[in-house]
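Chemist:
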Amino acid sequence: MLSVIVPAHNEEKNIPLVAAAVKEILSQAAVNYEILLVDDGSSDGTFAAIERAAAADERIRGLKLSRNFGKEAAILAGLEASRGRCCAVMDADLQHPPALLPEMYRLWQGGAMIVQAVKETRGQEGWFNRVCAGLFYRIIGRFTKIDFRRASDYKLLDRKIVDILVKLPEKTRFFRGLSVYYGFPQTQIEFAVAPRASGKTNWSLTKLFRYALDSISSFTAFPLQFTTFLGIIMLLLFLLLGLQTLYNFATGQAVAGFTTVILLLLFIASALSISLGIIGHYIGKIYDEVKARPSYIIEKTAGKGEDHDLRP
Ligand code: UDP
Ligand code: MG
15 MLSVIVPAHN EEKNIPLVAA AVKEILSQAA VNYEILLVDD GSSDGTFAAI ERAAAADERI
75 RGLKLSRNFG KEAAILAGLE ASRGRCCAVM DADLQHPPAL LPEMYRLWQG GAMIVQAVKE
135 TRGQEGWFNR VCAGLFYRII GRFTKIDFRR ASDYKLLDRK IVDILVKLPE KTRFFRGLSV
195 YYGFPQTQIE FAVAPRASGK TNWSLTKLFR YALDSISSFT AFPLQFTTFL GIIMLLLFLL
255 LGLQTLYNFA TGQAVAGFTT VILLLLFIAS ALSISLGIIG HYIGKIYDEV KARPSYIIEK
315 TAGKGEDHDL RP
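Taking this note's numbering as reference, the numbering of the sequence shown is continuous, increasing by one, and the terminal residue is 326.
Put into structure tokens, the structure is as follows:
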């Protein structure tokens with residue numbers, strides 16, 4: 015059986031569409047399936063829509079998280095509740111075409127542990143988003159040696175990988191990265207990003223920025239060493255200026271140089287603040303992991319099947 019996991023945040027209108035599309039395509043392709051709709055703390059009628067869909071079809075189940083825990087947590091909730099031999103994860107807004115599911119399923123039957131749908135094109139984006147995304151992918155690509163530029167969260171994973179992902183102790187996750195991080199054989203399949211079926215994107219600029227920072231720091235501690243690098247640069251500058259200052263002092267022309275003092279102060283202050291900020295970010299993450307709170311809490315479930323315990 016294939017479990018199709020759909021994280022949804024304020025996707026009231028899209029729920030019936032995505033459920034119908036997945037149902038039609040998978041029954042045509044004669045694939046045995048279940049659909050898991052995960053309401054990630056929506057403020058609209060998303061869970062009501064999920065309950066309606068689950069009441070109409072027993073292969074549909076729903077989970078309602080107690081608040082908005084973020085897409086990564088919603089995916090994790092779906093993976094944990096899934097029962098299929100393999101799991102597909104797709105967006106609720108039909109930007110990930112369900113028509114690809116049968117082919118991804120065949121590739122899995124052919125032995126692929128991960129079938130990754132990569133974007134043919136990145137869809138329409140403003141120049142600012144393009145530049146920021148480009149920078150983000152370069153940084154993360156450098157440290158993970160994984161090219162995320164065309165990666166998407168549209169994937170099909172073997173049960174073995176799902177079990178590994180679900181058992182990982184870390185709280186801040188980067189699903190896109192983790193599923194390739196462990197190096198299982200994977201196959202790619204291309205798709206064109208469709209426009210959103212309805213509603214608007216859940217990503218604000220600040221949300222994206224936080225997501226980028228969290229993703230980078232969940233994969234590499236290099237920014238911490240960056241502070242050392244900054245320190246070395248400052249030390250070199252210090253040596254040069256120190257020599258000059260001593261020379262000036264020795265030759266009796268020591269008073270000038272107020273500009274240098276101000277520039278140095280500004281430079282040192284910003285370098286220190288940046289370093290402290292980076293360290294603070296990592297300490298914050300350690301704090302989060304140490305608290306070890308659950309990544310999500312299930313408030314309600316919909317549809318047939320054993321009830322899920324409330325977590326933790
Ligand atoms: N999503 C979610 N929780 C969130 C934000 C988004 O479950 O906090 C879901 C959303 O409902 C959709 C998918 O993640 O199914 C992708 O979100 P969106 O379409 O807003 O992102 P975009 O396609 O613009 O990158
Ligand atoms: Mg979308």
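All C-beta atoms, glycine included, are put in the ideal place defined by N, C-alpha and C.
1) Taking 8 Å as the line, does the beta carbon of residue 106 fall inside it for any heavy atom of the ligand UDP?
2) Quick one: residues in its chain with C-beta nearer than 7 Å to the C-beta of residue 190, no 5 flanking neighbours on either side, listed in chain order?
3) Could you check the C-alpha separation between residue 200 and residue 278 for me, to the nearest Å?
4) Is there at least one non-hydrogen atom of the ligand MG closer than 8 Å to the beta-carbon of residue 60?
5) For residue 289, which residues in the same chain have their Cβ closer than 7 Å to its Cβ, ignoring the five residues on either side in sequence?
6) In the structure shown, what three-state DSSP assignment does residue 215 receive?
7) Within its chain, find whatever has a CB closer than 6 Å to the CB of residue 76; leave out the 5 residues flanking it on each side and keep chain order.
8) With DSSP as the reference, label residue 246 as helix, strand or coil.
9) Can you tell me whether residue 120 is buried or exposed? The criterion is at least 16 other CB atoms within 10 Å of its CB, across all chains shown.
10) Any idea what DSSP makes of residue 207, helix, strand or coil?
11) For residue 78, which residues in the same chain have their Cβ closer than 6 Å to its Cβ, ignoring the five residues on either side in sequence?
12) According to DSSP, simplified to helix, strand and coil, what is residue 17?
13) Quick one: does the C-beta of residue 109 sit closer than 8 Å to a heavy atom of the ligand MG?
14) With a threshold of 8 Å on Cβ separation, who are the neighbours of residue 213 within its own chain once the five nearest residues in sequence on each side are excluded?
15) Suppose the cutoff is 8 Å on Cβ atoms and the five residues either side in sequence are ignored; what does the same chain contact list for residue 135 look like?
16) Can you give me the C-alpha to C-alpha distance between residue 147 and residue 296, rounded to a whole angstrom?
17) Name the residue from 235, 82, 174 whose alpha carbon lies nearest to the alpha carbon of residue 216.
18) Among the residues of its own chain, which have a CB less than 8 Å from the CB of residue 248, if the five just before and after it don't count?
19) Contact between the segment 167-178 and the segment 91-99 is defined here as three or more beta-carbon pairs at a separation below 8 Å; is this criterion met?
20) Cutting at 6 Å between CB atoms, please list the residues of its own chain near residue 87, excluding the five before and the five after it.
21) Please classify residue 175: does DSSP put it in a helix, a strand, or coil?
22) By the 10 Å Cβ neighbour count, where 16 or more other Cβ atoms means buried, how is residue 261 classified, buried or exposed?
23) Would you mind sorting residue 326 into buried or exposed? The rule is 16 or more other CB atoms within 10 Å of its CB.
24) Is the closest heavy atom of the ligand MG to the C-beta of residue 210 under 8 Å?
25) Run the proximity test for residue 36: is its beta-carbon closer than 8 Å to any non-hydrogen atom belonging to the ligand UDP?
26) Let me confirm a value: residue 142 is counted as buried when at least 16 other C-beta atoms fall within 10 Å, else exposed. Which label applies?
27) Going by the beta-carbon positions, is the gap between residue 43 and residue 111 smaller than 9 Å?
28) Straight-line CA distance for residue 303 to residue 230?
29) Give the secondary structure of residue 54 by DSSP, where H, G and I count as helix, E and B as strand, and everything else as coil.
30) Does DSSP put residue 108 in a helix, in a strand, or in coil?
Modeler: So, from the listed chains and residues:
1) Reading the sequence shown from its first residue, position 92 is the one you call residue 106. Flag set: Cβ of residue 106 near the ligand UDP.
2) The count along the sequence shown starts at 1 and reaches residue 190 at position 176. Cβ neighbours of residue 190 beyond the five flanking positions: 162, 165, 167.
3) Sequence index remark: in the sequence shown, residue 200 carries index 186 (1-based). Sequence index remark: in the sequence shown, residue 278 carries index 264 (1-based). So the two alpha carbons sit approximately 51 Å from each other.
4) Taking the sequence shown and counting its residues from 1, the one referred to as residue 60 is at position 46. Flag unset: Cβ of residue 60 not near the ligand MG.
5) Reading the sequence shown from its first residue, position 275 is the one you call residue 289. Answer for residue 289: 241, 244, listed in chain order.
6) By one-based count along the sequence shown, residue 215 stands at place 201. Coil at residue 215, not helix or strand.
7) Taking the first residue of the sequence shown as 1, we reach residue 76 at position 62. Taken in chain order, the residues that qualify are 51, 64, 68, 316, 317.
8) The residue you call residue 246 lines up with position 232 of the sequence shown. DSSP places residue 246 in helix when its eight states are reduced to three.
9) Taking the sequence shown and counting its residues from 1, the one referred to as residue 120 is at position 106. Label assigned to residue 120: exposed.
10) Sequence index remark: in the sequence shown, residue 207 carries index 193 (1-based). If DSSP states are grouped into helix, strand and coil, residue 207 belongs with coil.
11) Sequence index remark: in the sequence shown, residue 78 carries index 64 (1-based). Cβ neighbours of residue 78 beyond the five flanking positions: 53, 61, 313, 314.
12) Numbered from 1 along the sequence shown, position 3 holds the residue referred to as residue 17. Reduced to three states, the DSSP call for residue 17 is strand.
13) For the purposes of this step, residue 109 is taken as the residue at position 95 of the sequence shown. Residue 109: yes, Cβ under 8 Å from the ligand MG.
14) Position 199 of the sequence shown, counted from the start, is the residue given in the question as residue 213. Around residue 213: 24, 25, 26, 27, 28, 107.
15) Sequence index remark: in the sequence shown, residue 135 carries index 121 (1-based). Here the set comprises 206, 207.
16) Stepping through the sequence shown from its first residue, residue 147 is reached at position 133. Stepping through the sequence shown from its first residue, residue 296 is reached at position 282. Each residue's Cα considered, the two are about 22 Å apart.
17) Counted from its first residue, the sequence shown places residue 216 at position 202. Taking only the C-alpha atoms, the option nearest residue 216 is 82.
18) For the purposes of this step, residue 248 is taken as residue 234 along the sequence shown, with counting starting at 1. 281, 282, 285, listed in sequence order.
19) yes
20) Counting from one through the sequence shown, the residue named residue 87 turns up at place 73. The residues are 309, 310.
21) Locating residue 175 in the sequence shown gives position 161, counting from the first residue. Residue state, collapsed to three classes: helix.
22) By one-based count along the sequence shown, residue 261 stands at place 247. Classification for residue 261: exposed.
23) Here residue 326 refers to the residue found at position 312 of the sequence shown. Note that residue 326 scores a pLDDT of 37, beneath 50, so its modelled location is shaky; the value from the coordinates is reported in the next line. Classification of residue 326: exposed, given that the 10 Å Cβ count is below 16.
24) In the sequence shown, residue 210 corresponds to position 196, counting from 1. Yes, Cβ of residue 210 sits closer than 8 Å to a heavy atom of the ligand MG.
25) Within the sequence shown, numbered from 1, the residue matching residue 36 stands at position 22. Checking the Cβ of residue 36 against the ligand UDP gives no.
26) Here residue 142 corresponds to residue number 128 of the sequence shown, with the count starting at 1. Under this definition residue 142 is an exposed residue.
27) The residue labelled residue 43 in the question sits at position 29 within the sequence shown. The residue labelled residue 111 in the question sits at position 97 within the sequence shown. Taking 9 Å as the Cβ cut-off, residue 43 and residue 111 do not qualify as a contacting pair.
28) Taking the first residue of the sequence shown as 1, we reach residue 303 at position 289. Taking the first residue of the sequence shown as 1, we reach residue 230 at position 216. Roughly 16 Å separates the two Cα atoms.
29) Along the sequence shown, one-based indexing puts residue 54 at 40. The answer is coil: DSSP assigns residue 54 none of H, G, I, E or B.
30) Against the sequence shown, residue 108 aligns to sequence position 94. Of the three classes helix, strand and coil, the one that applies to residue 108 here is coil, per DSSP.
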